[in-house]
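Residue numbers (my numbering): 1 to 272.
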């Protein structure tokens with residue numbers, strides 16, 4: 001009689017007979033996988049069938065991590081990597097059930113995915129693990145207390161300080177980010193978060209220069225200071241300034257150039 005196929009085994013998995021059939025078929029496949037004289041194609045088929053046979057185990061483990069911000073399909077895919085590693089490393093001679101051996105590896109792979117891949121902003125591993133503890137403990141205490149637990153109750157249940165609980169809760173903000181192009185979900189328009197962010201004031205860049213110029217301007221002669229005021233603060237032309245102070249336009253030009261050179265030299269010397 002031919003050995004049952006993978007689909008037959010999975011379909012027959014009732015609480016009693018399904019588990020036993022899976023164990024029996026799994027043992028047969030591991031014998032074939034580790035047989036010294038088994039050809040490589042046969043070993044490859046045995047390995048593939050072992051992975052397919054235990055996919056329900058991966059799905060069961062992945063469901064434990066639902067509603068944590070990651071699609072179940074992605075968690076199953078990650079857990080399958082742990083299953084493949086378990087198949088390759090399992091030694092039937094140890095006398096341990098494969099499912100018992102594989103479960104910690106599958107769950108460890110999923111947890112590693114949450115630690116290393118699921119975070120939009122990198123945070124310390126202790127905070128990543130604390131966040132997961134807070135999530136599971138919150139669910140347990142909510143069911144037991146009939147309300148959401150306080151940070152102090154969480155700290156007592158986990159065995160840490162209230163400050164660490166607060167830090168772990170705040171680290172949850174780093175798990176996922178929102179695009180600046182995302183709308184604010186208001187019906188009156190499609191304004192994005194970027195529209196609500198302020199812009200740099202260009203005048204701020206000149207504050208330091210203006211503050212550095214103040215003492216230098218105080219040292220100027222009254223006529224030179226007045227020429228600068230008329231030129232740069234009242235936007236008068238050199239001809240208008242010449243009429244205002246009673247000198248030629250050429251003289252205004254020379255005074256203005258000399259004053260600017262003096263100020264520039266003083267600023268450079270101040271920076272050094």
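Even glycine gets a Cβ: it sits at the ideal position worked out from N, Cα and C. Bear in mind that the values here come from a model prediction, so they are computed numbers and not experimental data.
Going by beta carbon distance, what residues of the same chain come within less than 7 Å of residue i, once the five residues before and after it are set aside?
i, result
"residue 87", "47, 50 and 51"
"residue 101", "86 and 90"
"residue 125", "115"
To the nearest angstrom, how far is it from the Cα of residue i to the Cα of residue j?
i, j, result
"residue 90", "residue 23", "14 Å"
"residue 132", "residue 167", "13 Å"
"residue 108", "residue 39", "32 Å"
"residue 96", "residue 81", "21 Å"
"residue 221", "residue 256", "12 Å"
"residue 64", "residue 171", "22 Å"
"residue 243", "residue 209", "30 Å"
"residue 235", "residue 269", "28 Å"
"residue 265", "residue 127", "54 Å"
"residue 10", "residue 71", "With a pLDDT of only 43 at residue 10, under the threshold of 50, the placement of this residue in the model should not be trusted, and no figure is reported."
"residue 78", "residue 142", "30 Å"
"residue 140", "residue 59", "23 Å"
"residue 245", "residue 203", "31 Å"
"residue 92", "residue 106", "18 Å"
"residue 26", "residue 104", "18 Å"
"residue 144", "residue 113", "30 Å"
"residue 207", "residue 160", "48 Å"
"residue 57", "residue 153", "34 Å"
Between residue i and residue j, which are expected to be in contact by the criterion C-beta below 8 Å, what is the C-beta distance as a whole number of angstroms?
i, j, result
"residue 33", "residue 54", "The pair is not a contact, with the Cβ atoms about 13 Å apart (cut-off 8 Å)."
Measuring CA to CA, which of the options is closest to residue i?
i, options, result
"residue 216", "81, 259, 134 and 234", "259"
"residue 68", "223, 134 and 161", "134"
"residue 273", "223, 152, 138 and 98", "A query on residue 273 cannot be resolved here, the shown segment of the chain reaching from 1 to 272 and no further."
"residue 267", "241, 230, 238 and 211", "211"
"residue 223", "153, 73 and 254", "254"
Take residue i and list the residues in its own chain whose beta-carbon comes closer than 6 Å to its own, dropping the five residues that flank it on each side.
i, result
"residue 130", "168"
"residue 263", "216"
"residue 158", "133 and 137"
"residue 75", "62, 65 and 110"
Go through its chain and collect everything with a Cβ distance to residue i's Cβ below 8 Å, but skip five positions before and after it.
i, result
"residue 149", "137, 138, 141, 142 and 157"
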